[in-house]
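> Input: one structure, supplied below.
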């Protein structure tokens, strides 16, 4: 039975993400990916022009997943501070559910790949910080007023750095130090 269009592409991306979940995994070759899927390297290249394009597919998944959920949080939660807390929680939960993607998010998987991939992940975190900043500029339910721009900028920056640090620690621990567990304990010490 023939596969639906895009099904093989998705299968390739899932296999790549699964390979990235292995703590000892260093550079992934197309030969290793092809062997995992029991196909030829030529079969991979029928769906992706390059390995960089495969990583772009993973980055698109990360962006779409995170920002779709971020938009939903923004629509559901009018309180800016609670919105920021939920945004951070959401990214940490995404990381726990998708450990292979964490290696892409922190850039480990992108070492030696095309520099535009790392630039795109940098833009992802800039966009996430802007989303936090926008949330933190919204009025809070308690005070009824928004913080000053400088304060919202500083808080968004600190929360973004916390997320990035948590992702690094999660990956470097071999995915044992779960970021959400730590967030529950560390949350009282973070802005806002």
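Residue numbers (this note's numbering): -6 to 185. Each residue gets a CB set at the ideal place from its N, CA and C atoms; glycine is no exception. Note that the structure is predicted; figures quoted are calculated from it, not measured.
#1: Is residue 42 helix, strand or coil by DSSP?
#2: Please go through the same chain and pick out, in chain order, the residues whose beta-carbon is closer than 7 Å to the beta-carbon of residue 107, but skip the five residues on each side of it.
#3: The alpha helix (DSSP H) that contains residue 91, what's its start and end?
#4: Compare the beta carbon distance of residue 176 and residue 81 with 8 Å and say whether it is the shorter of the two.
#5: Who are the Cβ neighbours of residue 202 in its own chain at under 7 Å, not counting the five residues just before and after it?
#6: What does the alpha-carbon distance come out to for the pair residue 150 and residue 124?
#7: Could you tell me the boundaries of the alpha helix (DSSP H) in which residue 169 lies?
#8: So, for residue 173: in the same chain, excluding its five sequence neighbours on each side, which residues have a beta-carbon less than 8 Å away from its beta-carbon?
#9: Can you tell me the Cβ-Cβ gap for residue 103 and residue 48, rounded? I've got them flagged as a contact below 8 Å.
#10: Given a cut-off of 8 Å on the beta-carbon distance, is the pair residue 117 and residue 56 in contact?
In terms of the structure at hand:
#1: Indexing the chain shown from 1 puts residue 42 at position 49. Look at residue 42 here: in three-state DSSP terms it is coil, with no helix or strand label.
#2: Stepping through the chain shown from its first residue, residue 107 is reached at position 114. The residues are 45.
#3: Taking the first residue of the chain shown as 1, we reach residue 91 at position 98. Residue 91 -> no alpha helix (DSSP H), and no H or E assigned at all.
#4: By 1-based counting over the chain shown, the position of residue 176 is 183. By 1-based counting over the chain shown, the position of residue 81 is 88. Closer than 8 Å, so yes.
#5: Beyond the ends of the chain as shown, which are -6 and 185, falls residue 202; an answer cannot be given.
#6: To locate residue 150, count along the chain shown from 1; it is residue 157. To locate residue 124, count along the chain shown from 1; it is residue 131. For residue 150 and residue 124, the distance between alpha carbons rounds to 11 Å.
#7: The residue given as residue 169 occupies position 176 in the chain shown. Here residue 169 belongs to no alpha helix (DSSP H), and DSSP marks it neither H nor E.
#8: Taking the first residue of the chain shown as position 1, residue 173 is located at position 180. Within its own chain, the residues whose Cβ lies closer than 8 Å to the Cβ of residue 173, once the five positions on either side in sequence are excluded, are 82, 85, 86 and 89, listed in chain order.
#9: Taking the chain shown and counting its residues from 1, the one referred to as residue 103 is at position 110. Taking the chain shown and counting its residues from 1, the one referred to as residue 48 is at position 55. Confirmed, Cβ separation roughly 6 Å.
#10: The sequence position of residue 117 within the chain shown is 124, counting from 1. The sequence position of residue 56 within the chain shown is 63, counting from 1. Yes, these two residues count as a Cβ contact at 8 Å.
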